[in-house]
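Chains as they are written, first to last, in the numbering used here: chain A, 1 to 332; chain B, 333 to 720; chain C, 721 to 888; chain D, 889 to 991.
Contents: one structure, followed by commentary.
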Amino acid sequence: MGFIGKGLFDGMVVTARNFVGSYFDRERLVTVQYPEERVQVPENSRTFPFLVFDEDKDPVGTMRCVACKICEVECPPQCIYIVMDRDEKGKPQQRPKVFDIDISVCMQCQICVEVCPFDAIKMDNDYEKSQYGRFDELVEHLPDLLKSNEYYNRIKPTEASRVDAKLKADKEKKAKKAAPAAPKPAAAPAPKPAPAAAKITIPEDAPFTPEQREWLGKFLVTAPVGVASTAATPAAGQPAAPVAGSAPAGNWPWHDPALGMQQRLDLAKNKPLADLLMAAMAQTDCHACGYDCRGYADAIAAGTETDLSLCLPGEAETENMLKRLMEGSGKV
Amino acid sequence: METIHQQLRIWFANAPDSVLLWVSIAIPILFILSVFPGIFAYTTLVERKALGRIQNRFGPNRVGRWGILQPIADGLKLLIKEDIVPRRADKFVHFLAPVIAVIPSVLLFAVVPIGAGLIPVDLNIGILFAFAISTASVLALFMGGWASRNKFSLLGAMRAVAQVVSYEVPMVLAAVAVVMAVGSLSTVAIAKAQSGGILNVTRWFVFQPWGFVGFVLFTIGAMAESARTPFDIPEAESEIIAGYHTEYSGFKFALFQMGEYLASIAMAGITVTMFLGGYNGPGSGPGIFGGLLSMFWFFLKLGCMIVLNIWIRGTWPRVRVDQLMGFAWKVLLPMAIVNIVAVGFWHYLTFRPLAWVVTTLWLVIWFMVLTKLAATENVKPRTYRYAS
Amino acid sequence: METIFWILSVITVLGAIFAITLRNLIHCVLSLILFFLGIAGHYFLMHADFIGAVQILIYIGAVAVLMLFAIMLTRHVTGDEGPREVLGGKWWAGMGTAVIIAGLLWAIIRKDALAQLLPVGAAETSVVEIGKALVADWVVPFEAMAVLLTAALIGAVVIALEEVIRKR
Amino acid sequence: MNIPLDHYLMLSAFLFAIGLCGALSRKNAIIVLIGIEIMFNAGILNLIAFWHYKYFTSVTAQMFAIFAISIAAAESAIGLALVIAVYRHYKSVDVDEMASLKG
């Protein structure tokens, strides 16, 4: 039976039922009483990055991070700041002395996690980060960032077990071969800046004819180093890498992890073999190989190092290039 | 007030008369200023709790047990908030508006009898006074909206003025029906006319056909007048941010809210007086015990009206602006006029059963006709093209 | 009571003066409302409660609001940027006439014997009396008033909607 | 209350003069209307004052006041409607600019 305004009264009945029901039926109340109760956040939710270490006894010692600075370079809003640790003699250590993440800048994109070859940085799901200040208080330092693998397993069991299995497999492979077998990280490879089609440095949309383009490319390659590197950096479509602490040597224009492999090789063209080899490295000075990039290249060129698969950040690309270069020089 | 004066004269026979007069003036004022703002504060709490429960939430429950200190916390917070005045605002009017918003609302309580023989001032033009005062409240909204120099504020103010002026008319006409039946404009006389019958209940006007229609009309009008939710067009937050109080913060904002709620409570009090029997209820009457009981009944009914308001706010969607005026002028106003004729029937047909039949039939038939006329189009059930 | 009279008079006169001298039209109407309130206060003071309530209801609730609306519809919403000189070019005409009339009235009132009257007894007319008078002795003017108000209503709508009607 | 009648009469004469001044000297049509309203009110105040002081037994003065107030309301409604109509035509509410006889 319908009469005018029946819908209004039906609505009032519904709300009255809700009102009374909410006192008797706890199931109806969807609100979570936050400080006392918490919602179990989904496993794949993410907030800000943290650094994984393996053993509780020695968080700094068993930290997976080797201060390779790939994440610092790749971070789109540039919220990561890394300084590599050095011992008294100034020899670089494979761990960061300073590792800061400004979480007021971080946009939680997870790119640092994607590019890390060591599974050292992962996304947290802790959302209680409020502070009383807006500047220094929101910068997380190394002690705040370090969290155990156990914690990682707790918050993201599926992902962490996969990572653990992979790391174990790598370790076993390494132990079994005890030799040149390169651990192939299963993690997604770092997105490589594709070598520009028109030689190197000129953007696709720059208003040049093909001839001009060619000339410019040649000019920029052969031009004085400063010009080339400044021009080359934006051309690769990557943010300029502020490699704090380790000033790029003036005569290594390719020593810039933001460049593509082809660009680096072009920059090192007509240089000695060691320079070419160095240009093939990932340029992060990560010391995964036991040297810095220059040292590794020198060692290969000098013949003291025969394993060409040690450059972890460079992955297969670097390994293949190193092989080709060595074949070309007739040493292998 | 006069009764207090006489009582005081009996109790303190040697005190000077002028002192007693001032005391007897001060007592009702203090009573109004202490009780009704308290009711206002806890109405906000009850409203938030009830709305929460209606939406299957808890509502405020942090400050004190069951959030019982929430109004105090709100007040403190608003007191210490920064008071912002827009740079190009009309500073003086901007300051004046919230003050003016409260005054008419408080004045309204002067004519509401809260118990048998308990009324601040028994004006013989009580109802007219109430309407005159409540009209003035629209000025505060207008001043606030205009002085802010903000388009949304101004839009809200214009809407408020148009709405209040339009809904005033059916509301007054609904009250005219009661005034006709009682033969007096005094609120005390109206309340007294509803006493008697079985348990002091059956002679409430709401239990008569014309009284019921008048009650519905008056409640709708009162809701629109105090801009409560189905008619909160002047401050529709999804359309014009907050309407006339967009540019208000801190305690000025609190004053606006207070004026609005006090007006709503006072209107509920007048509705109770005019239609729900006022302070009449089982056991109410003269004497201390009857007086206390009558006060209890009045405040119980007032609470029921407030809860009804909250319930409606939690349920019904907002009226569309373009339908608002049509509803007032095409449905409420003719219905109020028809209702006045119904009171005439009621008055002259002294044989009650016949009067019941005639007035009911008259009202029902006109209701049908009006709804037929007001329906602009044939509304069919909605069909969904993309959603199943 | 004398104090109340003087306070109300000051409010009324100041309201009236501001209502015709301020530059901002909205301020003019707001002070006009102050003036209306003062007048209503005078009515209450003279025990004409009904007229006082009607004054508030009609003048403040209807006429002032109507004026505010008219200003909104005819000027920039802000209402200011009025004429540069407040009283216009012929201020002397207005002022002169006003002063002459005030002086004349003053002279007449001072000489009249009525002026010295003091109120006699409690004067209060109940609303019932007014109501009865309206439908008995005054029924013809009352009905005429109803017709006039209806005509005014229709006329106002027609005048204001002229453009719309012409377009149809 | 010891206010003699002439106080009210003076007050209302004063208000009438103010209203007249406003109606005559301001250019804005709305202010002219405001001036007229002030004069109306001064007149009604006189009526009530006489009623209160002399003729309080009769309701005639109150009747007159009620009718005058209603007429004032009707007058202001029409007046403001006219102002709006004129504004539409001339884009101005200045009474001095409404000098053209041609519509």
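Each residue gets a CB set at the ideal place from its N, CA and C atoms; glycine is no exception.
Being a predicted model, the structure only gives us computed values, none of them experimental.
Query	Result
Those runs of the alpha helix (DSSP H) which lie wholly inside the segment 915–966 of chain D and span at least 4 residues	917–941
Within-8 Å CB hit, C:LEU734 to chain B	no
Close-in-space but distant-in-sequence residues of the same chain around A:GLU72 (CB under 6 Å, 5 per side omitted)	ILE80, ILE82
Chain B contact residues for A:LEU338, given Cβ-Cβ distances below 7 Å	Outside the modelled stretch of chain A, which goes from 1 to 332, sits residue 338 of chain A, for which no answer is possible.
Contact list for A:GLY11 against chain B, beta-carbon separation under 9 Å	THR647, TRP648, PRO649
C-beta contact flag for A:THR318 and B:PHE390 at 8 Å	no
Same chain, Cβ closer than 6 Å to A:SER104, five either side skipped, listed in chain order	LEU138
Residues of the segment 813–825 of chain C whose Cβ lies closer than 8 Å to any Cβ of chain D, in chain order	ALA813, GLY814, MET815, THR817, ALA818, VAL819, ILE821, ALA822, LEU825
Below-8 Å beta-carbon distance, C:LEU750 vs any chain B residue	yes
Members of the segment 371–385 of chain B near chain A, C-beta cut-off 7 Å	ALA382, ARG385
D:SER964 beta carbon less than 8 Å from that of C:VAL783	yes
For A:LYS122 and A:VAL113, believed in contact at Cβ under 8 Å, the rounded distance	6 Å
Euclidean distance between Cα positions of B:LEU473 and B:PRO369	20 Å
Partner residues on chain C for D:TYR975, Cβ-Cβ distance less than 7 Å	THR794
B:ALA600 to B:GLU571 span [Cα, whole Å]	28 Å
Beta-carbon proximity check, B:ILE602 vs B:VAL444, cutoff 8 Å	yes
Straight-line gap, B:PHE441 to B:PRO452 (C-alpha atoms, nearest Å)	8 Å
Cutoff 8 Å: B:ASN388 Cβ touching any chain A Cβ	yes
B:TRP398 classed as buried or exposed, judged by whether at least 16 other C-beta atoms fall within 10 angstroms	exposed
Contact set for C:THR798: own chain, Cβ-Cβ below 7 Å, skip 5 residues either direction	Caution is warranted here: a pLDDT of 45 is assigned to C:THR798, below 50, making its placement in the model unreliable, and the coordinate value is therefore given only provisionally. Correct list: empty, nothing qualifies.
Residues near A:THR158 by beta carbon distance below 7 Å, same chain, minus five either side	GLU43
Cβ-based burial, B:LEU362 [other Cβ within 10 Å; buried from 16]	exposed
Residues near D:GLU925 in its chain [Cβ-Cβ closer than 7 Å; skip 5 each side]	ALA960, SER964
Test item: CB-CB of D:GLY931 and D:ALA956 under 8 Å	yes
Within chain B, the residues that A:ARG28 reaches when beta carbons sit closer than 7 Å	ASN388
Residue ranges of each alpha helix (DSSP H) within the segment 354–429 of chain B, 4 or longer	402–412
Simplified DSSP assignment, three categories, for C:SER846	coil
Cβ shell of B:LYS633 (< 7 Å), same chain only, five flanking positions each side left out	VAL604, LEU608
Simplified DSSP assignment, three categories, for A:SER130	coil
Residues in the segment 437–464 of chain B having any Cβ partner in chain C nearer than 8 Å	LEU455, ASN456, ILE457, LEU460, PHE461, PHE463, ALA464
Sequence-distant residues of the same chain with beta carbon closer than 7 Å to B:THR467, five excluded per side	GLU500
Residues near B:GLY622 in its chain [Cβ-Cβ closer than 7 Å; skip 5 each side]	ALA448, GLY615, SER616
C:SER751 - DSSP class collapsed to helix/strand/coil	helix
Where B:ILE457 falls: helix, strand or coil (DSSP)	coil
Local Cβ density within 10 Å of B:VAL438, reported as buried at 16 or more and exposed below that	buried
Straight-line Cα distance separating C:TRP858 from D:SER900	27 Å
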